[in-house]
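Student:
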Amino acid sequence: MSAWYYQNERRYNYTTPKSFLEQISLFKSLLKKKREEVQQRKEHLGNGIQKLQTTASQVGNLKARLASQEAELQLRNHDAETLITKIRLQTQKVSREKAIADAEERKVAAIQTEVSQKQRECEADLLKAEPALVAATAALNTLNRVNLTELKAFPNPPNAVTNVTAAVMVLLAPRGRVPKDRSWKAARIFMGKVDDFLQALINYDKEHIPENCLKVVNEQYLKDPEFNPNLIRTKSFAAAGLCAWVINIIKFYEVYCDVEPKRQALAQTNLDLAAATEKLEAIRKKLVDLDQNLSRLTASFEKATAEKVRCQEEVNQTNKTIDLANRLSEKIRWGQSIKSFETQEKTLCGDVLLTAAFVSYIGSFTRQYRQELVDCKWVPFLQQKVSIPITEGLDLIAMLTDDATIATWNNQGLPNDRMSTENAAILTHCERWPLMIDPQQQGIKWIKNKYGPDLKVTHLGQKGFLNAIETALAFGDVILIENLKETVDPVLGPLLGRNTIKKGK
Numbered sequence: 001m002s003a004w005y006y007q008n009e010r011r012y013n014y015t016t017p018k019s020f021l022e023q024i025s026l027f028k029s030l031l032k033k034k035r036e037e038v039q040q041r042k043e044h045l046g047n048g049i050q051k052l053q054t055t056a057s058q059v060g061n062l063k064a065r066l067a068s069q070e071a072e073l074q075l076r077n078h079d080a081e082t083l084i085t086k087i088r089l090q091t092q093k094v095s096r097e098k099a100i101a102d103a104e105e106r107k108v109a110a111i112q113t114e115v116s117q118k119q120r121e122c123e124a125d126l127l128k129a130e131p132a133l134v135a136a137t138a139a140l141n142t143l144n145r146v147n148l149t150e151l152k153a154f155p156n157p158p159n160a161v162t163n164v165t166a167a168v169m170v171l172l173a174p175r176g177r178v179p180k181d182r183s184w185k186a187a188r189i190f191m192g193k194v195d196d197f198l199q200a201l202i203n204y205d206k207e208h209i210p211e212n213c214l215k216v217v218n219e220q221y222l223k224d225p226e227f228n229p230n231l232i233r234t235k236s237f238a239a240a241g242l243c244a245w246v247i248n249i250i251k252f253y254e255v256y257c258d259v260e261p262k263r264q265a266l267a268q269t270n271l272d273l274a275a276a277t278e279k280l281e282a283i284r285k286k287l288v289d290l291d292q293n294l295s296r297l298t299a300s301f302e303k304a305t306a307e308k309v310r311c312q313e314e315v316n317q318t319n320k321t322i323d324l325a326n327r328l329s330e331k332i333r334w335g336q337s338i339k340s341f342e343t344q345e346k347t348l349c350g351d352v353l354l355t356a357a358f359v360s361y362i363g364s365f366t367r368q369y370r371q372e373l374v375d376c377k378w379v380p381f382l383q384q385k386v387s388i389p390i391t392e393g394l395d396l397i398a399m400l401t402d403d404a405t406i407a408t409w410n411n412q413g414l415p416n417d418r419m420s421t422e423n424a425a426i427l428t429h430c431e432r433w434p435l436m437i438d439p440q441q442q443g444i445k446w447i448k449n450k451y452g453p454d455l456k457v458t459h460l461g462q463k464g465f466l467n468a469i470e471t472a473l474a475f476g477d478v479i480l481i482e483n484l485k486e487t488v489d490p491v492l493g494p495l496l497g498r499n500t501i502k503k504g505k
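Per UniProt numbering, the sequence shown runs over residues 1 to 505.
#1: For the alpha helix (DSSP H) that contains V168, what are its first and last residues?
#2: From I249 to H208, what distance separates their C-alpha atoms?
#3: Just tell me which of N228, N218, N163 and V146 has its CA closest to the CA of K193.
#4: Please classify D351: is it buried, with 16 or more other beta-carbons within 10 angstroms of its beta-carbon, or exposed?
#5: Using the three-state DSSP reduction, which class does T15 fall into: helix, strand or coil?
#6: Compare the Cα-Cα distances from D403 to each of K320, R418, Q268 and T277 and report the closest residue.
#7: Taking its Cβ as the centre, do 16 or more other Cβ atoms sit within 10 Å of V386, making it buried, or is it exposed?
#8: Among the residues of its own chain, which have a CB less than 6 angstroms from the CB of L280, if the five just before and after it don't count?
#9: What number of angstroms, rounded off, separates the C-alpha of A289 from the C-alpha of T298?
#10: Taking C-alpha atoms, which residue in S300, D196, I481 and P157 lies nearest to L172?
#11: Can you tell me which of A282, D395 and Y451 puts its alpha carbon nearest to the alpha carbon of I100?
#12: Cβ atoms of L382 and I388: under 8 angstroms apart, would you say?
#13: Is the distance from the Cβ of Q23 to the Cβ of S340 below 8 angstroms?
#14: Taking its Cβ as the centre, do 16 or more other Cβ atoms sit within 10 Å of N212, making it buried, or is it exposed?
#15: Could you tell me the alpha carbon to alpha carbon distance between Q371 and E422, rounded to whole angstroms?
#16: Quick test of the definition: if touching needs 3 or more C-beta pairs under 8 angstroms, does the segment 159-170 touch the segment 218-229?
#17: Thinking just about the alpha-carbon of each residue, which of V161, A3, W4 and L21 is nearest to the one in C430?
#18: From I338 to G413, what distance separates their C-alpha atoms?
#19: If we ignore side chains and look at the alpha-carbon of each, how far apart do K32 and T355 end up?
#20: Thinking C-alpha only, which one of E72, H44 and L353 is nearest V379?
#21: Mind checking S236: buried by the 16 CB within 10 Å criterion, or exposed?
#22: Hey, could you find the ends of the beta strand (DSSP E) T391 is sitting in?
#23: Skipping 5 residues on each side, what residues in its chain have a beta carbon closer than 8 angstroms to that of N144?
#24: Mark A275 as exposed unless 16 or more other C-beta atoms lie within 10 angstroms of its C-beta, in which case mark it buried.
#25: Less than 8 angstroms between CB atoms is the rule here; does R88 satisfy it with respect to chain B?
#26: Sorted by chain position, which residues of the same chain lie with C-beta nearer than 7 angstroms to L30's C-beta, five sequence neighbours on each side aside?
#27: Contact between the segment 468-477 and the segment 438-450 is defined here as three or more beta-carbon pairs at a separation below 8 angstroms; is this criterion met?
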């Protein structure tokens, strides 16, 4: 074939003992690798068939377990749906109670605002009565046993003085019964014991003056121009004090009466506030109880959901196991694959021998000569001359690589034609350093993309190229030597022949 190749193409193909040694070495390593692959696949499929058989014998038990699991799953689903309904109702109840609580909070806030406003109004109005009360107290402080005794000693005091004592008698009348006799004589008797009289003035219920007493004092005495402490002081110091007390007590009471409705309204508002606050606290307590109950229901629902998921996973797993046990077609297909591997074992030696010869000898030939050499020379020789079994229609590339690796090579820049794929397979499996004749630079592009930055590139004759080669050998780097001629520097002979010497340990 080499002679025919030279005759037709004027190209040399050198076949040396080194080529045969490479074939033997590649045959041994590739045969071992392929045997291990076939054995592993057989064991894997055998284990799968065994599991299918074991599982098939348990189908009855698995179906019984599945029925139990599905019943439990149905119960878990029912529990979860019941809890969902309870949670929905509880959530609605909580929302309603929150709305009521919000309304009560707004009501309490409004009442608190009203209480504060009425409190300020009452305090402001009572401040108006404060001067009159202070003046009445001051007037009482001017009275004592001595000046009251002097007052009683008057045999016939002026009308202005008797009007004062009469007004005092009206105000101090028991149960509001205005005395008809308010003469000086009656007044002296009324004042009786001076200490008791003075104490009655001090303890006078200034906030509850009978209406008829108030009317008599206002109409009959306070309208009198002479009912004036300054005028009466010229006649009696004690009478002036009593006059001032009467005037200021009446003033205080009138202001107090104006404030009283507001005080009552304030008291009622405070009662309303207390009732609303109590109601709000009750609602809040109820809301807390509802929230706690909702939390318990939510926790129960989460637990029920987890149980439901667990049961569903168990059902799915059991269904998967039953489905696997019923896969008769898988068992048949796997059995056929095992038989195919057994057949492949019978032809493995021939297939590997043909593949090793392909890698070792065929690299120099073009596509036409490769096909001629394999189909018309080697295959008939193995089948007829030496009777070594080989696989019918054997794809030599499939013996060396797979589709995923070829796709990776194509992505790295390798042309996707059959010839380029064969060359890449030879390059990655040959025992000797590959020599590429690459006028279109396609192979170099692929090599550089394949090894990337780890690839060291040098040129024959380039300055320092021997150092680059030595460094690559020392560190195990991949090196590409470009621009080789028909003759090679003798210094590269041991390297190209892999005549290496190991030194040290």
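C-beta: ideal position from N, C-alpha, C; glycine also. Here the structure is a predicted model, which means the values were calculated and not measured.
Tutor: Judging by the given coordinates:
#1: N159 to L171
#2: 11 angstroms
#3: V146
#4: buried
#5: coil
#6: R418
#7: exposed
#8: E104 and V108
#9: According to the sequence shown, residue 289 is Asp rather than Ala. Rounded to whole angstroms, D289 to T298 spans 14 angstroms at the Cα level.
#10: D196
#11: A282
#12: yes
#13: no
#14: exposed
#15: 12 angstroms
#16: yes
#17: L21
#18: 37 angstroms
#19: 13 angstroms
#20: L353
#21: buried
#22: Per DSSP, T391 belongs to no beta strand (DSSP E) and is neither H nor E.
#23: L198
#24: exposed
#25: The structure shown has no chain B; it contains just one protein chain.
#26: V352, T355 and A356
#27: no
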